[in-house]
Every structure is written in C-alpha cells, then in structure tokens.
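Only one structure is covered here, and it is reproduced in the block below.
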Amino acid sequence: MLGSGNRSHDRYRLRARQTECRRPVATDIPTVNIELPSTPLFTALFAESPWTLAFPILVVAAALAWWGARTDRVRAILAGVAMMLCAAAILALAAVQVSPGEHARETVQALVAAAESADLQRFQACFAPDASMHYGGPESPGNDLERLMRAAESLKGKHRIESNSVTELSIATKDSECGVVLLGCRTTTASSYAAVPTRWWIEVRRQANGEWLIERLAWIELLNQVPARGTL
C-alpha cells in the first residue's frame, strides 16, 4: 500500500509538472499596432533628432560655399559659413539638452541590464512605487508592482536570460515630465529553444525627487501574439 501510494503521488506530481509546462505564455489574440506619441516639434529638432534640421542646413551651406568659391562671390561664402555655424549650434544645444524621451531611454536601458543579470534589486529600482504592468497594450487591465516583482522572480530560474539583443529602442517625449519608449528584444532564456522576439511599451515619468522611473510597463507582443497576463 505504501508503494502504491508513492506511485500515485509520483503520478500526481508528474501531471502537475505537465500542466505547468502546458500553461500558455501567449494568447491567441493578435497584437494591436501600438505607436509612440508625437514628440513636440521643438524637442524633436533641438534634442532628440537634431540631425533632421542640421543636416539639410549643412548641405545648403556647403553648396553655397562651393558656389561662392567657384564664382568669387564673398557673400555666398559668408552665408555658407554662417549656416554651418548655425548647424553646429543646433548640434551643440542637442548635446547638452536631455529630453524626457532620452531620460526614458536611459531608464529602460538600466532595466534591460538588470533583467539580463537577474539583479532584482536594480530591476525594482527602475520602477515607481505605483507602477503597473499591462499585457497587450498600455490601457489593458494591469498588475501592480508587487505582482510584477513576483513574476520577475522567474528571471532567476526558468526564464533566466542567456542572451539578449535589443532590436528596437524608439523614444518620444509625451510632455515635459514624461517620456515613452518602444523596446524590441530577441531573447534566449533557460526555458526557450531559440531567441524569442518581444516588444514592450514603457512610460517613464519624472518623480518628485527628480528621478526618472517607470510608471507603466506594457508587454505588447510575444511571438506576434499578446502575452498571457501574469507572465514575464
């Protein structure tokens, strides 16, 4: 009877493990196209994407200077030099000015590094106390930070990251206190057979103490499907 009981217990544990292995990590719901908000024009041109403005100015400046030199027109040469200085000033301003979108990118890069090393203390330090995690989109029902950190425990076990490459890191400034990042990764974990593509929407906001922390994390795509709620 004792041996029979042990065999029954072993069969029960085997069925439990099989059920856990079959637990879905993604739903059959197709993903929704998530786009970044539009960055204010001034911020885009003078902070996040200065070459968008500086490059055409440099092209026109070079053309003017070349034409002036070929035709001995001093005014054209001086105009070209002035435009080059203007482009240099734009790039210099962008180098010293950090936009909310760029602050958000720095926070997300710190989050990725912490996840890769399974450093849960550094991982949690990237989040605001009232942060939430969502699945499929930022407006879908979410979990609080406590549940997020419980799910993050898997980074030390079956979802330990063995290799990771960032395939997308797009940023936008939502307002003067908030930046948004679209993150794409291809990740190999201890439980995966190959690199798995994922996409994330991350909202980062400046806190009262000046820190830029994640307030909303949305896992929007896992293998072209919406991830199952509660997974990480």
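In this text, residue positions in the sequence shown follow the working numbering: the first is 2, and each later residue adds one. Virtual Cβ for every residue (Gly too), placed ideally from N, Cα, C.
DSSP bridge partner residues for residue i (one or two, in chain order)
i           : result
residue 187 : 166 and 198
residue 59  : Answer by DSSP bridge pairing: none, since residue 59 is not bridged.
residue 134 : 144 and 218
residue 120 : Beta-bridge pairing links residue 120 to no other residue.
residue 171 : 183
residue 203 : 182 and 218
residue 213 : 207
residue 139 : DSSP lists no partner for residue 139.
residue 176 : 179
Rounded separation between residue i and residue j - CA only
i           : j           : result
residue 150 : residue 126 : 11 Å
residue 91  : residue 60  : 15 Å
residue 75  : residue 63  : 14 Å
residue 68  : residue 84  : 14 Å
residue 110 : residue 195 : 23 Å
residue 9   : residue 37  : Only weak support is given to the placement of residue 9: the predicted model assigns it a pLDDT of 44, under 50, and the question is left unresolved by the model.
residue 98  : residue 192 : 42 Å
residue 86  : residue 55  : 10 Å
residue 46  : residue 183 : 20 Å
residue 117 : residue 72  : 60 Å
residue 210 : residue 159 : 36 Å
residue 53  : residue 112 : 29 Å
Cβ separation of residue i and residue j, assumed to be a contact under 8 Å, to the nearest whole Å
i           : j           : result
residue 81  : residue 93  : Rounded, the Cβ-Cβ distance is 19 Å, inconsistent with contact.
residue 146 : residue 124 : Not really, about 11 Å apart at Cβ, beyond 8 Å.
residue 185 : residue 163 : In fact, because the Cβ distance is near 18 Å, the residues do not count as touching under 8 Å.
residue 105 : residue 205 : 4 Å
residue 51  : residue 95  : 4 Å
residue 221 : residue 35  : 5 Å
residue 108 : residue 214 : 7 Å
Residue i, DSSP secondary structure in three states
i           : result
residue 99  : coil
residue 37  : coil
residue 223 : strand
residue 129 : strand
residue 233 : coil
residue 160 : coil
Contacting residues, own chain, Cβ-Cβ under 6 Å from residue i (five flanking each side not counted)
i           : result
residue 197 : 188
residue 139 : 202, 217 and 219
residue 89  : none
residue 157 : 119
Other residues of its chain near residue i: CB distance less than 8 Å, five sequence neighbours each side excluded
i           : result
residue 230 : 136, 142 and 144
residue 121 : 115, 150, 153, 154, 156 and 157
Beta-carbon proximity list for residue i, same chain, < 7 Å, skipping 5 on both sides
i           : result
residue 40  : 49, 102, 173 and 174
residue 178 : 101, 206 and 207
residue 114 : none
residue 70  : 78
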